[in-house]
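Residue numbers (the working numbering): 520 to 841. Glycine included, every Cβ here is placed at the ideal spot set by N, Cα and C. What you are looking at is a predicted structure, and each value in this text was computed from that prediction instead of being measured. Worksheet for the structure shown next.
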């Protein structure tokens with residue numbers, strides 16, 4: 520049986536390999552901090568296996584997260600010049616291969632979908648081929664591995680170090696913002712464990728008029744968007760606003776359809792994602808990669824669309840979830 524842990528170990532191994540490259544990359548003025556950041560992250564993928572099995576304490580992982588925050592927060596990470604193609608070479612190769620460049624990218628979702636839908640039927644001697652409950656994440660991992668091979672075949676590249684260097688360049692360009700969604704999602708879980716959702720629920724119930732369905736829907740959707748703007752991630756806002764309004768008011772009191780309320784409520788949170796610099800991986804990193812003069816340009820362009828979508832989400836819940 521292929522286990523999900525193997526996929527996480529592979530991700531950790533890739534981070535460690537890239538960290539080793541960073542140590543010897545003299546073009547990066549901050550190579551010690553950069554290598555330490557990604558190397559420590561890679562080690563966490565291995566150590567967390569034993570934490571999950573409860574054979575090792577979780578506290579070192581917490582310390583590692585704090586170290587990662589310090590390395591990123593104090594600007595101790597930087598970007599080097601990986602040994603890969605130049606911009607002119609990439610332009611020439613793009614013109615040469617054309618639409619074939621999309622084949623590796625499309626391979627990943629295709630294999631992930633096949634694994635998610637059909638994997639429960641794949642068995643060897645009565646044992647499932649993929650770990651039960653992890654078919655989707657394993658499909659994503661297998662898709663990435665296959666896509667790497669397909670990409671090398673399409674581009675006629677035989678050296679595996681080439682995609683590794685190219686991936687490192689992209690990794691360094693995105694920097695610490697790559698981890699922001701995961702850290703903010705954890706922050707949402709911490710808020711929920713601390714009882715923030717319950718406190719918001721008490722305030723909400725004291726303010727909302729009884730039976731006012733529209734007011735409750737507006738409060739839930741706008742609250743999801745606002746909390747997402749503050750916390751930078753809809754996954755962080757979701758447990759707080761769902762515990763405060765979504766579940767106790769819209770579902771239990773007003774008998775809303777749980778799937779419709781919660782799914783569209785998450786979409787309302789994504790409207791906030793479009794409007795906040797806290798979602799750095801969505802809004803600030805693209806501006807940096809594209810070298811835009813205005814780093815807040817994507818946000819300014821997205822705000823009108825976010826407002827319209829938020830209104831649509833409110834109407835969808837109000838009209839179809841009850």
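### Task
Kindly list the residues whose CB is nearer than 6 Å to the CB of residue 732, restricted to its own chain and excluding five residues on each side of it in sequence; keep chain order.
Contacts found: 773.
### Task
Can you have a look at residue 818 and say buried or exposed, based on whether 16 or more other CB atoms are within 10 angstroms of its CB?
Of the other Cβ atoms in all chains shown, 16 or more fall within 10 Å of the Cβ of residue 818; this residue is therefore buried.
### Strand pairing of residue 649, partner residues [DSSP]
In DSSP, residue 649 forms a bridge with 521.
### Query
Quick one, are the C-beta atoms of residue 723 and residue 681 less than 8 Å apart?
In this structure, the beta-carbon distance from residue 723 to residue 681 does not fall below 8 Å.
### Query
According to the neighbour-count rule (16 or more other Cβ atoms, all chains shown, within 10 Å of its Cβ), is residue 569 buried or exposed?
If you draw a 10 Å sphere on the C-beta of residue 569, you find fewer than 16 other C-beta atoms in it, and that means exposed.
### Message
Would residue 553 and residue 617 qualify as a contact pair, given that the criterion is a beta-carbon distance under 8 Å?
### Response
Inclusion of residue 553 and residue 617 in the CB contact set at 8 Å is not warranted, their separation being larger than that value.
### Query
DSSP puts residue 643 in a beta bridge; with which residues?
Beta-bridge annotation (DSSP): residue 643 is paired with 646.
#### Entry: Assigned exposure category for residue 802 - 16 Cβ within 10 Å defines buried
Buried is the call here.
#### Entry: Candidates 629, 536, 663 and 677: closest to residue 560 by CA position
Minimum Cα distance to residue 560 is reached at 536.
#### Entry: Same chain only: Cβ atoms within 7 Å of residue 830, ignoring 5 sequence neighbours per side
Non-local C-beta neighbours of residue 830 in its own chain, meaning closer than 7 Å and more than five positions away in sequence, are absent.
### Query
Nearest to residue 684 by alpha carbon, out of 736, 605, 637 and 841?
Of the candidates 736, 605, 637 and 841, 605 places its Cα closest to the Cα of residue 684.
### Query
In terms of alpha-carbon separation, which member of 726, 632 and 784 lies closest to residue 745?
Residue 745 has its Cα closest to that of 784, out of 726, 632 and 784.
### Message
Using CA atoms only, rank isn't needed, just tell me which of 642, 662, 758 and 620 is closest to residue 633.
### Response
Across the set 642, 662, 758 and 620, the C-alpha of 662 shows the shortest separation from the C-alpha of residue 633.
### Message
Here's the rule: buried if 16 or more other CB atoms are within 10 angstroms of the residue's CB, otherwise exposed. What is residue 643?
### Response
It counts as exposed.
#### Entry: Neighbourhood of residue 706 by C-beta distance below 7 Å, restricted to the same chain and skipping five residues each side
Excluding positions up to five away in sequence, the list reads 750 and 755.
### Query
If we count Cβ pairs, one from each stretch, closer than 8 Å, do we get three or more for the region 734-743 versus the region 785-801?
With the cut-off at 8 Å, the region 734-743 and the region 785-801 touch.
### Which of helix, strand or coil DSSP assigns to residue 576
Coil.
### Which of helix, strand or coil DSSP assigns to residue 717
Residue 717 carries a helical assignment under DSSP once its states are collapsed to helix, strand and coil.
### Query
Pick from 566, 539 and 540: whose alpha carbon is nearest that of residue 525?
Comparing Cα-Cα distances from residue 525 to each of 566, 539 and 540, the minimum goes to 566.
### Message
Can you tell me where the alpha helix (DSSP H) holding residue 747 begins and where it ends?
### Response
Per DSSP, residue 747 belongs to the alpha helix (DSSP H) from 732-750.
#### Entry: Pair within 8 Å by beta-carbon distance, residue 679 and residue 623
Contact check for residue 679 against residue 623 fails: the beta carbons are separated by 8 Å or more.
### Query
Within 10 angstroms of its Cβ, does residue 550 collect 16 or more other Cβ (buried), or is it exposed?
In this structure residue 550 is buried. Its beta-carbon is surrounded by 16 or more other beta-carbon atoms within 10 angstroms.
### Endpoints, alpha helix (DSSP H) assigned at residue 567
Where residue 567 is concerned, the enclosing alpha helix (DSSP H) stretches over 550-571.
### Task
Provide the residue span of the alpha helix (DSSP H) that contains residue 603, from first to last.
From DSSP, residue 603 is part of no alpha helix (DSSP H); its letter is neither H nor E.
### Query
What distance in whole Å lies between the Cβ atoms of residue 793 and residue 825, which are believed to be in contact at a cut-off of 8 Å?
Going by Cβ atoms, the distance from residue 825 to residue 793 rounds to 4 Å, so yes, they are a contact pair.
### C-alpha distance - residue 531 paired with residue 619, whole-angstrom precision
Rounded to whole angstroms, residue 531 to residue 619 spans 30 Å at the Cα level.
### Message
Could you compute how far the alpha carbon of residue 542 sits from the alpha carbon of residue 556?
### Response
If you take the alpha carbons of residue 542 and residue 556, they lie about 11 Å apart.
### Message
I'd like to know whether the C-beta atoms of residue 840 and residue 779 end up nearer to each other than 8 Å.
### Response
Result yes, Cβ atoms of residue 840 and residue 779 sit closer than 8 Å.
### Task
Quick one: grab the DSSP three-state call for residue 546.
If DSSP states are grouped into helix, strand and coil, residue 546 belongs with coil.
### Query
Starting from residue 672 and walking both ways along the alpha helix (DSSP H), at which residues does that stretch end?
Per DSSP, the unbroken alpha helix (DSSP H) holding residue 672 starts and ends at 654-673.
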